[in-house]
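Working notes, structure below.
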């Protein structure tokens, strides 16, 4: 009897050990998934973790897009951020599971008529066994599908199914949280972008101005190697830098003739109104400098700017960047009554004010922006008409070189340089 | 040897069972906390779950507000949503733990000099033993404190400490997710509210208009018993219903004299511009009708409204609500050149258009709004000057009664009714 007991005990022990291992895996994945609110990163993490836990070669998570009635997934490797694969929500094994809610454990995919071998054909991958399971949220709605491929040690077992089922509950909540969060970010972003565009559009002269200033500022951020958080802060400040113009009567703002002194003073109050409006908005602490950066886009490092006459380091660096981007756009915008100023003239004006209006570091970094990128920003409204190959070529040369070549004169350039300069001029002068 | 083995096995079994129970608790709490992105609800859930798991009478979660250098907590019961207690971040046991990062397991609080008995004095609660532990995020920063009080079966053990430590890691991530999410919601909200106010303020005649229309619409939602999601949708639609005015030149929008036919047509295009602007904004699917509701606030159920001449059910119900709120505000706003119209006259105009401009259900429900609430909305700008007690009295009577009493004449009323009517008139006519 003692030996029978012992066998019972050993069995019980074994079951408990297995159950413990299972719980540890689930707890680990719950904590790991909980840490990601970015949907893309979450999906990648999920796919890696699940493949590892189930000793499988690959795992895909397909999410259901109800409106388009499609399943979509991000691709783990080799594609740009945000790139997706999409297919009809009833196609293939994943589609079957999304429709029926059944769990499919298929030992040999090619023997199953529902299997769609197209993706294997494209990628050269060879699917053998697959375990596919619906992802259900807490309301038990199907929000997507887990698909695990090619277990290294034989077909997927009943235990694998159970484990994946427990994981998919945890995964579904994590996905819904990330979606809710990203929805909010998307709402906030689209609202600011729409408002910025709408405000610009009130006057044909400034149409597209804030958007271009934003893109120049971001290009400058890249040239300076600024981090992602700073970039975000600059993006919001740039999109909203002129929101204070809402506080100035249109009769003054859009006056065609010469402004009186009073009217000019009113116009010059717009950065201060920008500050007042933006100060009422709650920005996450990572973005806390947005109002101050936006409000200082007309300050000059020599202290002769407005509204506060701040000097050098008193102006946040972002404000100094905006200042340059703002003037560059003003100088290179086409006005109804005239063409774009020649680049040499534009740059002379900027160099003349370097060290007085502009921070020399900003001016230097601005010249590192690829010429192709500058053209794309200047020609935002005709983006579809640009020749992709030509723009790509212009991406290989910084503004600095264009400026040097113009100084040297086309006749003194190597043929390749001459070609690039001509290409730049073609787009700059809008002869396309 | 067999018996020794058996004892070993039993011990091992026991440890495994304990570990198993522990893992199940942690997994349960990870899943449970993961489900809440609303910070208030999350904290409540956390406090309940932890008290139960540790067999304790109470649990509080204090969060660190770095900017104010305070610890704060929501109170579980008896207080309104969002109400908080706050104290300096170095006060009491919780403050000590937040500062030092130590875990304090105190068997008798009253024998510890760091214990602050003030809260017990106020609440009549008697703290005996307490376990207090820092909440650390994944960067190991202290973001708050867990405090568990009065274990039912004796003082807290070492095992309790270990369990709470594991829980607090899970809890910290859940809290940070909820904070990030709420930060985004707060940003979006504050941006829309600020913009709405800023747009209203462009013209003194409409100052505060969108805000009041929003408040009337929400009061009407409550009278109709609409759910929280619909209320949110209406709130955004109301705040933004006039954003399309951004597309109309101020020279027309604010023209003092008579409008030409063309100018009038331009003005009448503003709801359509509202639709165009709002359609570019990404709204979560719960809020998907915001553009359509906002764009139909000048439609009439008889089809004679603008911009589309929609009829009855073609107009979303929210649009019909906005329409009434919009007109009610226009009729009850004080203009520079005249006082507020008498309420009888306002209501006559509304009744005259009930069934033609206004949906009778909206007009009926509007009369159920407490008179005190209407006064608070009308007198938004002087909210501080209202007598709280008097307004509370006016909260006991719906607009319907005020209108009936006015029809009956003050001389035919009971003294209590007469008093309430006089109170209403005092605020309505701004004699305060």
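Residue numbers (this note's numbering), protein chains in the order written: chain A, 134 to 565; chain B, 134 to 565. For each residue, glycine too, the CB sits at the ideal point set by N, CA and C.
Check: Beta carbon of residue 376 of chain B nearer than 8 Å to that of residue 347 of chain B; Outcome: no
Check: Residue 189 of chain B in three-state terms, based on DSSP; Outcome: strand
Check: beta-carbon residue 424 of chain B near the ligand FMN non-hydrogen atom, thresh 7 Å; Outcome: No copy of the ligand FMN occurs in the structure displayed, which carries no ligand at all.
Check: Where the beta strand (DSSP E) through residue 276 of chain A begins and ends; Outcome: 275-284
Check: Within-8 Å CB hit, residue 414 of chain A to chain B; Outcome: yes
Check: Spatial distance of residue 538 of chain A from residue 380 of chain A (CA atoms); Outcome: 44 Å
Check: Backbone CA spacing between residue 192 of chain A and residue 260 of chain A [nearest angstrom]; Outcome: 12 Å
Check: Range covered by the alpha helix (DSSP H) that runs through residue 425 of chain A; Outcome: 423-428
Check: Selection from B:555, B:138, B:467 that minimises the alpha carbon distance to residue 340 of chain B; Outcome: B:467
Check: Unbroken beta strand (DSSP E) run spanning residue 449 of chain A, endpoints; Outcome: Run containing residue 449 of chain A: none; DSSP gives neither H nor E here.
Check: 7 Å Cβ shell around residue 514 of chain A - same chain, five flanking residues per side excluded; Outcome: 341
Check: Extent of the continuous beta strand (DSSP E) run through residue 432 of chain A; Outcome: Neither: residue 432 of chain A is in no beta strand (DSSP E) and is coded neither H nor E.
Check: Chain B contact for residue 378 of chain A (CB, 8 Å cutoff); Outcome: no
Check: Cβ-Cβ separation, residue 266 of chain B to residue 248 of chain B (assumed contact under 8 Å), whole Å; Outcome: About 16 Å separates the two Cβ atoms, so there is no contact after all.
Check: Three-state class that DSSP yields for residue 238 of chain B in the structure shown; Outcome: strand
Check: Nearest-angstrom Cα separation, counted from residue 251 of chain B out to residue 204 of chain B; Outcome: 16 Å
Check: Given residue 343 of chain B as reference, the closest of B:329, B:352, B:151, B:353 once Cα atoms are compared; Outcome: B:329
Check: Residue-chain proximity (residue 320 of chain A, chain B), Cβ-Cβ < 8 Å; Outcome: yes
Check: Proximal residues of chain B, C-beta to C-beta of residue 323 of chain A below 9 Å; Outcome: 413, 414, 415, 416
Check: Cβ of residue 562 of chain B within 8 Å of any chain A Cβ; Outcome: no
Check: Residue 437 of chain B versus B:415, B:489, B:477, residue with shortest Cα-Cα distance; Outcome: B:489
Check: Residues sharing a beta bridge with residue 194 of chain A, DSSP; Outcome: A:279
Check: Interface residues of chain B facing residue 316 of chain A [CB-CB closer than 7 Å]; Outcome: 417
Check: Distance, residue 369 of chain B Cα to residue 305 of chain B Cα; Outcome: 32 Å
Check: Cβ separation of residue 536 of chain B and residue 546 of chain B, assumed to be a contact under 8 Å, to the nearest whole Å; Outcome: The Cβ separation is near 13 Å, so there is no contact.
Check: Residue 269 of chain A - DSSP class collapsed to helix/strand/coil; Outcome: strand
Check: Chain A contact for residue 150 of chain B (CB, 8 Å cutoff); Outcome: yes
Check: Minimum Cβ-Cβ distance from residue 212 of chain B to chain A less than 8 Å; Outcome: Any reading at residue 212 of chain B must be qualified, since the residue scores a pLDDT of 47, below 50, and its modelled position is unreliable; the value itself is stated next. Output row for residue 212 of chain B: interface = no.
Check: Touching by the beta-carbon criterion (3+ pairs, under 8 Å), the region 470-481 of chain B and the region 400-418 of chain B; Outcome: no
Check: Pairwise C-alpha distance: residue 457 of chain A and residue 496 of chain A; Outcome: 8 Å
Check: Residue 324 of chain B - containing alpha helix (DSSP H), residue span; Outcome: 291-333
Check: Status (buried if at least 16 other CB within 10 Å, exposed otherwise) for residue 241 of chain B; Outcome: exposed
Check: Chain C residues whose Cβ lies nearer than 8 Å to that of residue 383 of chain B; Outcome: Absent from the structure: chain C. Protein chains present are A and B.
Check: Residue-chain proximity (residue 157 of chain B, chain A), Cβ-Cβ < 8 Å; Outcome: yes
Check: Helix, strand or coil at residue 219 of chain B [DSSP, three-state]; Outcome: strand
Check: Residue 439 of chain B versus residue 324 of chain A: straight-line alpha-carbon distance, rounded; Outcome: 25 Å
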